[in-house]
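Comments concern the structure below.
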Amino acid sequence: MAWNTNLRWRLPLTCLLLQVAMVVLFGVFVRYSPEADAHWIEGKEPGNRSSDLENEFYYRYPSFQDVHVMIFVGFGFLMTFLQRYGYSSVGFNFLLAAFGIQWALLMQGWFHSFHDGYILVGVENLINADFCVGSVCVAFGAILGKVSPIQLLIMTLFQVTLFSVNEFILLSLLNVKDAGGSMTIHTFGAYFGLTVTWVLYRPNLYQSKARQSAVYHSDLFAMIGTLFLWMYWPSFNSAVSNHGDAQHRAAINTYCSLAACVLTAVALSSALHKKGKLDMVHIQNATLAGGVAVGTAAEMMLMPYGSLIVGFICGIVSTLGFVYLTPFLESRLRIQDTCGIHNLHGMPGIIGGIVGAVTAACANSQVYGQEGLAHAFNLDGFKTEWSASLQGSFQAAGIFVSLAMALVGGLIVGGILKLPIWGQASDENCFEDAVYWEVPEEPKNAASHHEDSTLKAPEP
Amino acid sequence: MAWNTNLRWRLPLTCLLLQVAMVVLFGVFVRYSPEADAHWIEGKEPGNRSSDLENEFYYRYPSFQDVHVMIFVGFGFLMTFLQRYGYSSVGFNFLLAAFGIQWALLMQGWFHSFHDGYILVGVENLINADFCVGSVCVAFGAILGKVSPIQLLIMTLFQVTLFSVNEFILLSLLNVKDAGGSMTIHTFGAYFGLTVTWVLYRPNLYQSKARQSAVYHSDLFAMIGTLFLWMYWPSFNSAVSNHGDAQHRAAINTYCSLAACVLTAVALSSALHKKGKLDMVHIQNATLAGGVAVGTAAEMMLMPYGSLIVGFICGIVSTLGFVYLTPFLESRLRIQDTCGIHNLHGMPGIIGGIVGAVTAACANSQVYGQEGLAHAFNLDGFKTEWSASLQGSFQAAGIFVSLAMALVGGLIVGGILKLPIWGQASDENCFEDAVYWEVPEEPKNAASHHEDSTLKAPEP
Amino acid sequence: MAWNTNLRWRLPLTCLLLQVAMVVLFGVFVRYSPEADAHWIEGKEPGNRSSDLENEFYYRYPSFQDVHVMIFVGFGFLMTFLQRYGYSSVGFNFLLAAFGIQWALLMQGWFHSFHDGYILVGVENLINADFCVGSVCVAFGAILGKVSPIQLLIMTLFQVTLFSVNEFILLSLLNVKDAGGSMTIHTFGAYFGLTVTWVLYRPNLYQSKARQSAVYHSDLFAMIGTLFLWMYWPSFNSAVSNHGDAQHRAAINTYCSLAACVLTAVALSSALHKKGKLDMVHIQNATLAGGVAVGTAAEMMLMPYGSLIVGFICGIVSTLGFVYLTPFLESRLRIQDTCGIHNLHGMPGIIGGIVGAVTAACANSQVYGQEGLAHAFNLDGFKTEWSASLQGSFQAAGIFVSLAMALVGGLIVGGILKLPIWGQASDENCFEDAVYWEVPEEPKNAASHHEDSTLKAPEP
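Residue numbers (UniProt numbering), protein chains in the order written: chain A, 1 to 460; chain B, 1 to 460; chain C, 1 to 460.
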């Protein structure tokens, strides 16, 4: 089946149309939050210089930049492991994220920052927009190499919308705590992406198998992504937590969980290879599962050893998933999961939701202090009388809501993406940059033309 | 024409001479700012721990580190796209920036931080030194591959000097606002670099054309540079803004502009290719034009939609520039612009200056608040009576001053660099690391010697 | 000699055993510091929002993230310069650091953060754990390519232990100041590693010489490591300094020293090559020596020109070391130092200790202010009567203690690692990823299969 992959008019029109829509909607709806508005100075006590520091900017901006790096370099380079798909991995991730953050500012703004007809954006909105796009990057991992950039933009449009609805249900209706997004970002993103790739099943994908693996240097590029994700994950899980001890604690818990995860991922990777060798796929991915799985509970009093246990388990589960579950999903359930997001985001996301529910259900005023407990779970207003176990139940409900939204949403969006008009490649041309990119030819005699002393121009 | 490219004594002597000069000048002139001096503790209220946070360090240091990454990794790796010039791109950028920041601390210090015979340096000086060097990195992009490291050091010496004079004229004499440096950094840097490359015109550069393109992995290295520039640009434009809302707003505006820019750059790149394919050169460069173009106005009340519009336009202008203008400049005006800095820094820089002038001219106390307006444009002292349109006029004047300084300065410095004594390569040996670097030979049988189980040492 | 390099059971068991031990020890000993505990809110003044900022998190977290990047990306990628050892460089560094930070949290916690039977961890502990692991990464550089991951884990276990004892002696018994760790991290780490590699001497290592060099792209990957180390070193040296001016000053001094170091490293690299060409090894390593050598004195009133002088000298010493000393150490002293850590961490570390001792001995109340002097050197309690020269003497003693601990510790640990049971490779299989990693085969016809328009799947 030879589809037309020439995007000459379709891609430009899609991009321009979406961007014009963004300009118009921003013009109508988006203004600065009070802390980013020039009127801010009027609210300050005169002569109190330190009050400049109370601007939310100084609480959140360093974390924001770390999260920003995770979305663009982290996810982008993590997916460059394929031998001939580096341009697309980094480039399409760049494209979808650049569109997604704008649309997320609007969608999340309408739900959470809408005042007097305007969305008031500040640094926390930027972080949340990055988070939202994070879930699209997760889903992208499942369909990597098999879709056109137009499909990605359409998926982003819908997924950001669904994400925002789901996030609103969880955070505002169910009063769930999910600072690091185990449920809203990872569980939702992963199962959404898996459903989409199931709908888009390609029966003859084996024709592209030769390109569905790494070469030496592509694996090193992918490690850039892995490490920036791993290193900045403490910022990710703490970025929107309450000021003070909650941000502090979230960073510590994430640091611990991720460290434990590396050791068990390495252990399993070696144990499952017949000669005991390590597999780069596991090192690149399973080492991150610990960050996903403490997403919900990171800001709670999970305790450092609790974090280690979560990381310990997830390194094992994730590596086992890569070895046994991914092939099974592909051969039996027709779920072609290019990056193995089920192992890195799906299962660890659910584990994270459960850990969060259990940790919340076990919360008590001895561990948190009376005031600390109320502060950590917003037990004021109508929640004043909530018990810990009630909070735990709502947390658990959040997992199921996220799964349901992901599956239903994925079916619908997958159906839309299946239309043969979006410029997708045929099964034998998957995982190949040259379909959508001008790719340079390799120099013919790469090894011979830099001998040094007698430098000459190579034959033109 | 075969010049002598052996730098054995010239490069070491240049480096050592410059560095000894730096040591002497620092010894005579440079001391710590009060906030970095051990006496600082005496000025604090006793027992007031939070006053430690009032140290400028905590306001600026995270932004400083982001800017630092942009200068060294951002610009350095952005230029590694050439197939055989990666060592030089990263290495020479490293060298010139390391020298440039020292010289900039002195030059900018004399103009802006000189008290009682001493330059008092603090974190803001470090940021400004990085900014100044940023304009040298921009100019480097035009002459990349065609000059020796000695020429780069000489150019840095002069350009930093001229930059500081120009910056002094704009910021201190014309009272221009230019937090992100659309005029002082980008416009000045780009037209300075273009003038230099015009003077250094190489008629037979076609002999090196085979190396003036990318290979697959060099493009991925360049994307590291692109992304770190893109992600940290909000820090760049907000790093030296006023505390509080101005920093906050500058980050938001830059974030928005850059996001819009990606979509229009992708749109144009695809539309201008006969098969609708994307060109890595555009993705690596034109996606950044939005950051350049909100440099001046980022801290003003440009509004998020205003930022989107600026990014929208610049993504288009920049991509068009790469496709149509760069070849024209080379063939008709004899301006050989290796990295296309005219498209990324030149035109967007001028647009940024204009946007800043218009935004300043439209400022009013309704949008800014009475106090906010005075604060944003320093309307105190002799400026108390300034109108917005007067500020706008001075802003516009800043563009012309920057252009004039760049053109005149570029002519002079280009003339100096044209002397045949600096170790530059001949036209057929441009874009080649092996001229100045010890380059490893490729292993002869790269594909065969890692078969695995029966590991043997390759023949020595 | 053909050792068994199949780690199938040994590596998994080692990892799991160590990680289980960590979980148990963390369960017994580790809790949150008060500033990361949910009770923290109770200690705050009611209604005082700015007091959230007094949480140590906001003073240290941005620096922590920078240090974190240095350990994982900085050291990890710096070592990828070898042509066939990139997976191991990044991957084993990841593994040992992930284990090391956990063990360091415990060891350093018992010495410095032990209260009422619990180790109370906060962000400063995370930084110190990263620091401690930094010294293991340094030592790894000496034995890179010649040890198995099991040996690395064992070395980490012992080295972290010894590091913590040495650090306790220096900081708590000798009252030494060493904020950037010239002595505790670099001197100790380097001479420990050199002693270990001396014990592990491999007489037939020449059989692997063909792989003990770089290829073009591996050198570019290494530059990622170099630059992130170089850029974030100001954060490294200032991360645990006193709040306020000391952090501020440490960043400035490090910035200056590193800048100077680049110019002299380039000068010497060119001067020592017969054709004046630059050597990537020097650019990757010697440019960092300035950061090592201001480690101790960075937070003192070293003055910017003092920092330049330190950097100036170290760029020279380090490059000379690579050219003359490393070959001498290998041929005469049987010290095979893969990365040349003696030049980057050994000599500059000792220089740093000396610079610190001299700077401390010269401290006086005119330069620091009375209060500033007491604050900078903790001259309270029993130290109230300490003179500057006494402080200087203790600083100097710290160098010798660190050296002694490194040599004795290195001998013992080297002896343990020499046992032929840890899965190390034979001399002819050193510097080769395929020993411990599943390595992808290179595509057979890499140059031919992406011609573009007539895309076909390559032969399977």
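Built from N, CA and C at the ideal position, the CB exists for glycine as well.
Using the Cβ count rule (16 or more neighbours within 10 Å means buried), how would you classify residue i?
i: residue 453 of chain C; result: Bear in mind that a pLDDT of 38 at residue 453 of chain C, under 50, signals an unreliable position, so the model cannot answer this.
i: residue 199 of chain A; result: buried
i: residue 380 of chain C; result: exposed
i: residue 389 of chain A; result: exposed
i: residue 123 of chain B; result: buried
i: residue 252 of chain C; result: buried
i: residue 404 of chain A; result: exposed
i: residue 229 of chain A; result: buried
i: residue 332 of chain A; result: exposed
i: residue 233 of chain A; result: buried
i: residue 408 of chain B; result: exposed
i: residue 365 of chain B; result: exposed
i: residue 350 of chain B; result: buried
In terms of alpha-carbon separation, which member of the options lies closest to residue i?
i: residue 26 of chain B; options: B:13, B:15, B:7, B:104; result: B:104
i: residue 147 of chain A; options: A:89, A:78, A:361; result: A:89
i: residue 117 of chain C; options: C:319, C:310, C:29, C:260; result: C:29
i: residue 315 of chain C; options: C:133, C:294, C:213; result: C:294
i: residue 274 of chain C; options: B:438, B:357, B:63; result: B:438
i: residue 172 of chain C; options: C:394, C:423, C:433; result: C:394
i: residue 7 of chain B; options: C:111, C:4, C:160, C:277; result: C:277
i: residue 296 of chain C; options: C:43, C:50, C:178; result: C:178
Residue i touches chain B at which residues, Cβ-Cβ below 8 Å?
i: residue 146 of chain C; result: Neighbours of residue 146 of chain C on chain B: none; closest Cβ ~14 Å, over 8 Å.
From residue i to residue j, what distance separates their C-alpha atoms?
i: residue 175 of chain A; j: residue 239 of chain C; result: 38 Å
i: residue 340 of chain B; j: residue 134 of chain B; result: 16 Å
i: residue 419 of chain C; j: residue 57 of chain A; result: 55 Å
i: residue 63 of chain C; j: residue 299 of chain C; result: 15 Å
i: residue 132 of chain C; j: residue 69 of chain A; result: 26 Å
i: residue 154 of chain B; j: residue 17 of chain B; result: 12 Å
i: residue 204 of chain B; j: residue 197 of chain B; result: 14 Å
i: residue 368 of chain B; j: residue 91 of chain C; result: 52 Å
i: residue 219 of chain B; j: residue 186 of chain A; result: 30 Å
i: residue 327 of chain A; j: residue 401 of chain C; result: 56 Å
i: residue 51 of chain C; j: residue 358 of chain C; result: 39 Å
i: residue 399 of chain C; j: residue 347 of chain C; result: 12 Å
At 9 Å on the CB atoms, spell out the chain B contacts of residue i, in chain order.
i: residue 372 of chain C; result: 37, 38, 39, 40, 41, 42
Closer than 9 Å by beta-carbon distance: list the chain C residues that pair up with residue i, in chain order.
i: residue 281 of chain B; result: Near residue 281 of chain B there are no residues of chain C at all, since even the closest Cβ is about 17 Å away, more than 9 Å.
i: residue 50 of chain B; result: 50, 51, 53, 54
Roughly how far, in whole angstroms, is the beta-carbon of residue i from the beta-carbon of residue j, given that I think they are within contact range, below 8 Å?
i: residue 192 of chain B; j: residue 410 of chain B; result: 5 Å
i: residue 391 of chain C; j: residue 360 of chain C; result: 5 Å
i: residue 290 of chain A; j: residue 317 of chain A; result: Not confirmed; about 10 Å, so no contact.
i: residue 325 of chain B; j: residue 342 of chain B; result: 7 Å
i: residue 31 of chain B; j: residue 120 of chain B; result: 6 Å
I want to verify the contact list: residues of chain A whose CB lies under 7 Å from the CB of residue i, in sequence order.
i: residue 309 of chain B; result: 23
i: residue 101 of chain C; result: 259
i: residue 80 of chain C; result: 220
What does residue i touch in chain A if you count any residue whose Cβ is under 9 Å from its own?
i: residue 94 of chain C; result: 223, 226, 227, 230, 262, 266, 283, 287
i: residue 86 of chain C; result: 216, 217, 219, 220, 223
Identify the contact partners of residue i in chain A, using a Cβ-Cβ distance below 8 Å as the criterion.
i: residue 211 of chain C; result: What residue 211 of chain C touches in chain A: nothing, since even the nearest Cβ is about 13 Å away.
Using a Cβ cut-off of 9 Å, pull out every chain D residue sitting near residue i, in sequence order please.
i: residue 436 of chain B; result: Absent from the structure: chain D. Protein chains present are A, B and C.
In chain B, which residues lie with their C-beta within 7 Å of the C-beta of residue i?
i: residue 249 of chain C; result: 32, 36
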